[in-house]
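Undergrad: Take a look at the following structure, please.
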Amino acid sequence: MDGRTLRHQHRKPELLAAVTEYVLDHGIGDVSLRPIALTLGITHATLLRHFSSKEELLLQVVGKIHSDFLVRLEHDEDLRAAKSTPEFLRTVWRRLCEPEEQRQFVLLFELVGRAAREPERTGNLVQSIVSDWLIPIEERLTRDGRSPGEVSVLATMVLAQIRGLQLDLLVTGDRARVDKAFDFTVELASRPSIR
982 MDGRTLRHQH
992 RKPELLAAVT
1002 EYVLDHGIGD
1012 VSLRPIALTL
1022 GITHATLLRH
1032 FSSKEELLLQ
1042 VVGKIHSDFL
1052 VRLEHDEDLR
1062 AAKSTPEFLR
1072 TVWRRLCEPE
1082 EQRQFVLLFE
1092 LVGRAAREPE
1102 RTGNLVQSIV
1112 SDWLIPIEER
1122 LTRDGRSPGE
1132 VSVLATMVLA
1142 QIRGLQLDLL
1152 VTGDRARVDK
1162 AFDFTVELAS
1172 RPSIR
């Protein structure tokens, strides 16, 4: 790192928060560092000092979205009070259906499309958009006494359902039908054993 980057390192969290909001609002379709910098009122060089490339920036944006969500999980009174995995999952689902939270799914679907088309450029990104999001579900299932084999399978199923049903909800707006489908997923995940 050069001296200037070190001097301005304290700005990185602030810049990352602003860039994250920009990406959530505008997507990644034709995004480049110059328009982001212009919108944020900084120079392109400033962004490059903090994010070496567009791919690095996107990786950090995805990481920030994930870490912000974990902080919200930790401080959400309803989630902390959830006494079972079904109660926890239903509360998470309600939170994820809020318009502010749904922006992350629009971005996720863009990133998945990009990863499918350019897997060589998105390896770390794919890892973070899958594995990192399984962890809170796995932790809750483990706390409820599920075996390690069940935890992995159930967490994968629940995460896939959350994402698939969010896609359906974003496209159709049919909240009642999608909520019923999610409730059914929760019921399946709550069965004593998946053998």
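Yeah, the sequence shown ends on 1176 if you go by the numbering used here, and it's all consecutive. Built from N, CA and C at the ideal position, the CB exists for glycine as well.
(1) Given V1139, which residues of its chain have a CB within under 6 Å of its CB, disregarding the five upstream and five downstream residues?
(2) Compare the C-alpha of P981 against each of S1048, L1014 and A1026 and name the closest.
(3) The alpha helix (DSSP H) that contains V1052, what's its start and end?
(4) Compute the beta-carbon to beta-carbon distance between T1066 and R992, rounded to the nearest angstrom, for a pair I have assumed lies under 8 Å.
(5) Answer yes or no: do A998 and L1021 have a C-beta to C-beta separation smaller than 7 Å?
(6) For the ligand GDP, any of its heavy atoms closer than 6 Å to the Cβ of K1035?
(7) Reducing DSSP to helix, strand and coil, say where S1063 ends up.
(8) In the structure shown, what three-state DSSP assignment does E1068 receive?
(9) Using 10 angstroms around the beta-carbon of I1116, count the other beta-carbons present and answer buried if the total reaches 16, otherwise exposed.
(10) For the candidate residues H1056, F1163, L1054 and A1096, whose alpha-carbon lies nearest to that of L1040?
(11) Looking at I1110 and L1092, is the spacing between their C-beta atoms short of 7 Å?
(12) Note down, in chain order, each residue of its chain lying with its Cβ closer than 7 Å to the Cβ of E1082, except the 5 sequence neighbours on either side.
(13) In or out: H1056 buried (at least 16 other Cβ within 10 Å) or exposed?
(14) May I ask you to report which of helix, strand or coil DSSP gives S1128?
(15) List the whole-angstrom C-beta distance separating E1014 from H1025, where the pair is believed to meet the contact cut-off of C-beta under 8 Å.
(16) Could you give the distance in angstroms between the alpha-carbon of S1133 and the alpha-carbon of F1086?
TA: This is what the structure gives:
(1) I1118 and A1170
(2) The structure shown has nothing for residue 981, since the chain only spans 982 to 1176.
(3) K1035 to H1056
(4) Actually they do not touch by this definition, with Cβ atoms about 40 Å apart.
(5) no
(6) Inclusion of the ligand GDP in the displayed structure is not the case, the ligand content being empty and no account of it being possible.
(7) First, the amino acid is wrong: residue 1063 is Ala here, not Ser. Residue state, collapsed to three classes: coil.
(8) helix
(9) exposed
(10) A1096
(11) yes
(12) R1076
(13) exposed
(14) coil
(15) The question names Glu, yet the displayed sequence has Leu at residue 1014. The Cβ separation is near 6 Å, so the contact holds.
(16) 22 Å
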